[in-house]
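Below is one structure, written out as structure tokens; the observations come after it.
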Amino acid sequence: MIIKHAIAIATLALATGGANAWTLVYANDAAGNVTAGSLQSLRTAVLNGSSVRVVSDVPGKHAWSVPCFQMAVKYDAQGVVCFGGSPLASDNSMGAQFSNVYSPPQIVHIMLNTQGQYSQALVRISDGVLASKTLVYHPMQWFVE
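With mature numbering (1 follows the signal peptide of the UniProt record, and there is no 0) applied, the sequence shown covers -21 to -1, 1 to 124.
This is the structure in structure tokens:
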């Protein structure tokens, strides 16, 4: 009985020990105005090495949750930049085209910043040529772990 109880406690500890919560520390509107939290708190979290995820909401269309693979704190602009992306560009529209890989195959580079800018660049894998680049402005929520 004691062994079963100890195993149950150990299993519970292992299952919940790695569970980390994402906390909203900053939000901005499409113009870069603060809507929640503190930019200084976000900057401090980035400078301390925290993991960051940005949710960019395109009203009426979709919301992206972008894990930031690299971060930059811009001292001159008092802003934060998130670098994200995926290794392969695929169609994310619902229906028959869902998950079709772009032709020719391309990789996606995403950059977001606290001024509301969302930039996406598609680069052809075969020759490294920039296939397209988009810059739009959206509200964003910045989460740290």
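Glycine residues also receive a C-beta, built at the ideal position from the N, C-alpha and C atoms.
Here the structure is a predicted model, which is why all the values come from computation and not from measurement.
Contacts around residue i, its chain only, beta-carbon distance under 7 Å, and the 5 residues preceding and following it disregarded
| i | result |
| --- | --- |
| residue 87 | 64, 65, 68, 99, 101 |
| residue -1 | none |
| residue 58 | 92, 93, 94 |
| residue 52 | 22, 25, 26, 59 |
| residue 32 | 1, 44, 45, 46, 47, 122 |
First and last residue of the uninterrupted beta strand (DSSP E) at residue i
| i | result |
| --- | --- |
| residue 114 | 109 to 116 |
| residue 10 | Here residue 10 belongs to no beta strand (DSSP E), and DSSP marks it neither H nor E. |
| residue 121 | 119 to 123 |
Exposure of residue i, with buried meaning 16 or more beta-carbon neighbours within 10 Å
| i | result |
| --- | --- |
| residue 118 | buried |
| residue 2 | exposed |
| residue 4 | buried |
| residue 54 | exposed |
Extent of the continuous alpha helix (DSSP H) to which residue i belongs
| i | result |
| --- | --- |
| residue 18 | 18 to 26 |
Proximal residues to residue i (C-beta, below 8 Å), its chain only, five neighbours per side dropped
| i | result |
| --- | --- |
| residue 48 | 62, 63, 64 |
| residue 108 | 102 |
| residue 29 | 123, 124 |
Supposed contact pair residue j and residue i - C-beta distance, whole angstroms, cut 8 Å
| i | j | result |
| --- | --- | --- |
| residue 93 | residue 12 | With 8 Å as the limit, residue 93 and residue 12 do not qualify as a contact, their Cβ atoms being about 10 Å apart. |
Cβ shell of residue i (< 6 Å), same chain only, five flanking positions each side left out
| i | result |
| --- | --- |
| residue 71 | none |
3-residue-minimum beta strand (DSSP E) runs that sit fully inside the segment 16 to 101, ordered along the chain = 31 to 37, 41 to 46, 49 to 53, 58 to 65, 85 to 92
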